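In terms of numbering that gives the first Met the number 0, the sequence shown opens at residue 0 and continues consecutively.
Written below as structure tokens is the structure these notes are about.
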Amino acid sequence: MKRFWICVFGFSLLAAVVFISYVDYGSVHYDCSADRIAVCHIVCDPDYRLADPKKTAALEALIERKARGDEPTREELMNAAVVVPYADITGLNGVYCNDNIFVRDNLGDEGKAFVARHEFAHALGDSNVRETCSYGESCATMNAALAYPMGFVETVASSLWFSFEAHKDKQCFFFDSWGIFKVYILPALGG
Ligand SMILES: [Zn+2]
């Protein structure tokens, strides 16, 4: 019986290695450009109607406080973030531009807080305020995930679902998801 489970484990491990090699090769070499969701950056247009000076001022205050070591509360963070219709930010969970943090509206409260904290990290980087890790996507993701772990899970699940639905070539769903995992999550796991 013990040998049976060793065999199951061995085959699972082999299957995982084969699958990861396949998606890793595909994520680099397979052309998915025609199958990608077109990313909409309309919120980064300087004239974007919701770019809000009050939100900008609130964000600047949070950045200044963070420079003195003060982590914003969830309420403060959401007060500084601009929640926008998904149509205005298609293909993204959030973005930092126009001195504002934008978050898509079709996420739950936990997901929104996670995304706002991720974009806050970019706003900090832009103002040369250092966090515990060096700047970049994985650092922003790690700090946001530590603050809002359920939001991290919700956002990843929601993004995967949107991506799965949007991809006509389902191979590209796996290749693109792996590509995102490598940029946003894998480096954070390694510290
Ligand atoms: Zn980011």
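For glycine and all other residues, C-beta sits at the position ideal for the given N, C-alpha and C.
All values reported here derive from a predicted model rather than from experimental measurement.
Assigned with DSSP and collapsed to three states, isoleucine 100 falls in strand. Segment contact: the region 63-71 against the region 9-19, fewer than three CB-CB distances shorter than 8 Å; contact not assigned. Two segments are said to touch when three or more pairs of C-beta atoms, one from each, lie closer than 8 Å; by this definition the region 80-91 does not touch the region 140-156.
Relative to ligand 1, the nearest heavy atom lies less than 6 Å away from the CB of glutamate 136. A Cβ-Cβ separation of about 5 Å places valine 182 in contact with glutamate 136 under the 8 Å criterion.
Taking the Cβ atoms as the reference, glutamate 118 lies roughly 16 Å from glutamate 153, outside the contact range of under 8 Å. Leaving aside the five residues that flank cysteine 138 on each side, the residues in its chain whose CB is nearer than 6 Å to its CB run, in chain order, Cys132. Excluding sequence positions up to five before and after phenylalanine 151, its CB lies within less than 8 Å of the CB of Phe113, Thr140, Ala143 and Ala144, all in the same chain and listed in chain order. The three-state reading of DSSP puts glycine 93 in strand, counting E and B together. For alanine 139, the Cβ falls inside the 6 Å cut-off from some heavy atom of ligand 1.
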